[in-house]
Amino acid sequence: MYRPLWIEVNLGNLNKNLRLMKRLLGKSVQVLATVKQNAYGHGLIPVARKLSDSGVDFFGVGSLEEAIFLRKAKIKEPVLILSPLLPLAVKDLLAYRVTPTVVDLSLARELNKEACKNNQILAVHVKVDTGMGRLGVWHRQAEDFICKLKNFKNLSLEGLFTHFPVADTDPKFTRCQITFFNSLLERCRAKGIGFKYIHCANSSALIKYKEAHFNLVRLGLALYGIKPHKKMSQSLYPVLSLKSKVIFLKGIERGRSISYGRTYISKRPTSIVTISCGYADGYPWNLSNKGKVIIKNRFFKIAGRVCMDHLMADIGNNKEIKTGTEVVLIGKSGNLEITPEYLAKLVNTIPYEIVSRLSSNIPRIYKYSKAHRKR
Ligand SMILES: *Cc1c(COP(=O)(O)O)cnc(C)c1O
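If you number the sequence shown the way numbering that gives the first Met the number 0 does, the last residue is 374 and the count never jumps.
In structure tokens, the structure reads:
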């Protein structure tokens with residue numbers, strides 16, 4: 000590794016967050032870990048392996064590609080693709096034993112045809128829209144849809160699920176969604192249709208709505224140590240750190256400008272460090288003149304615009320910092336910490352975006368706790 004920019008992923012803390020969340024669940028409730036988009040930037044395979052060893056029951060991914068990566072890495076747990084697939088993916092879906100989400104009859108027909116050809120019964124999950132307005136059959140039409148699915152002889156309706164858009168902010172709307180979902184479940188039950196897995200809750204709903212746990216929860220953000228809502232009382236363990244080093248340092252006089260656009264002018268003689276991390280690495284350009292970094296147990300503000308490969312910080316007259324000194328961009332250092340939540344707030348986005356956009360080119364270094372079982 001020649002360029003000093005890396006991500007450290009603390010898999011021990013990932014496991015601790017899983018334990019913390021599991022404590023909120025009843026005995027019969029299983030956990031589906033969402034590992035879409037490279038496990039929210041944390042690295043799909045090491046994260047999935049750790050979670051598999053930690054007893055997660057199910058994985059949720061966003062694409063068949065991700066599901067195949069899991070299978071090739073010998074992950075044995077069931078894998079649900081949270082998005083519907085186009086017909087061209089159906090053959091490999093069956094070949095890799097992946098569970099699809101079904102939201103329309105045309106996909107169901109293709110799946111059934113292929114399963115029939117293979118002389119196989121394919122487990123599918125049906126997604127219902129109770130207010131997310133994205134994927135899924137509108138709940139009022141869902142009963143009819145499910146009855147039609149029942150006619151596909153090579154499909155088994157293993158799961159029924161829905162998704163919450165405002166579990167963190169709007170209890171009235173969320174409770175209403177739960178009511179719609181329960182009503183659908185009841186109507187299905189009355190027709191003799193049951194599901195092995197019933198799931199609604201994401202991290203936020205897991206914490207706030209016990210009545211939304213059913214028998215499976217889809218857990219993402221909280222696993223990665225990020226609070227799904229600000230007022231959450233439990234504290235989570237940070238999992239991801241983004242680190243770099245000072246690659247250049249120079250003293251400047253008063254009145255010099257730093258970086259593109261000349262948005263930062265030194266007000267006094269000072270020292271400026273150049274750090275190897277830029278917006279192409281996923282560090283938001285909007286953190287220009289706003290973000291901060293930790294060097295030698297002190298915060299320093301970003302000076303001027305973030306560049307493609309670099310960013311600068313004003314370190315004043317600090318004499319301890321040298322070329323090669325470590326810089327923490329996200330994570331803890333001593334008793335200081337920069338969280339994804341904090342950076343997200345500064346640039347008016349959500350912490351999901353901060354971590355998931357960290358370039359997959361950045362090397363990930365995995366830290367295992369002592370008890371880690373070697374595979
Ligand atoms: C990503 C995702 C989740 C997990 O959400 P978190 O807020 O990260 O816990 C749950 N359900 C679906 C459908 C998702 O796409």
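Backbone N, C-alpha and C fix where the C-beta goes; we use that ideal spot for every residue, glycine too. Predicted, not measured: the structure shown is a model, and the values here were computed from it.
The beta-carbon distance between L13 and L222, rounded to whole angstroms, is 6 Å. This is short enough to meet the 8 Å contact definition. A Cβ-Cβ separation of about 16 Å leaves D313 out of contact with K321 under the 8 Å criterion. Remark: the C-beta of P227 is in contact range of ligand 1, defined as less than 7 Å to any heavy atom.
Exclusion of T178 from the 7 Å shell around ligand 1 follows from its C-beta lying no nearer than that to any non-hydrogen atom of the ligand. Within the region 258-330, the runs of beta strand (DSSP E) at least 3 residues long that lie entirely inside it are, in chain order, 269-274, 291-294, 297-300, 310-315.
Per DSSP, the beta bridge partners of D128 are W137. Taking non-hydrogen atoms of ligand 1 into account, the C-beta of A38 is found less than 7 Å away from none of them. One residue after another in chain order, those with a Cβ under 5 Å from a heavy atom of ligand 1 are T33, L81, H162, N201, S202, R217, G219, L220. A straight-line Cα-Cα distance of about 22 Å links C187 and L79. By the neighbour-count criterion, in which 16 or more other beta carbons inside 10 Å mark a residue as buried, K73 falls on the exposed side. Partner residues in the beta bridge of N9, as assigned by DSSP, are K366.
In this structure L17 is in contact with V55, their Cβ atoms being roughly 7 Å apart against a cut-off of 8 Å.
In summary, F298 is exposed, with fewer than 16 beta-carbon neighbours lying within 10 Å of its beta-carbon over all protein chains present. Nearest to R2 by C-alpha distance, out of I353, E340, G323, is G323. Membership of F172 in any beta strand (DSSP E) is not indicated; the residue belongs instead to the alpha helix (DSSP H) covering 170-189. Here T98 is actually not in contact with A114; their C-beta atoms are around 12 Å apart, not less than 8 Å.
Sequence-distant partners of A200 (beyond 5 residues in either direction) whose C-beta falls short of 7 Å from its own C-beta, in its chain, are Y208, A211, H212, V216, R217. Under DSSP, F57 shares a beta bridge with L31. With contacts defined by Cβ atoms closer than 8 Å, H124 and V101 form a contacting pair. Cβ neighbours of H138 within its own chain (closer than 6 Å, five residues either side excluded): V127, T129, F179, L183. Bounds of the beta strand (DSSP E) holding S240 are 239-251. A direct Cα-to-Cα measurement between Y282 and L328 gives close to 9 Å. Beta-bridge pairing by DSSP links H198 to F160, L215.
Under the 10 Å beta carbon count, M311 is surrounded by 16 or more other beta carbons and is classified as buried.
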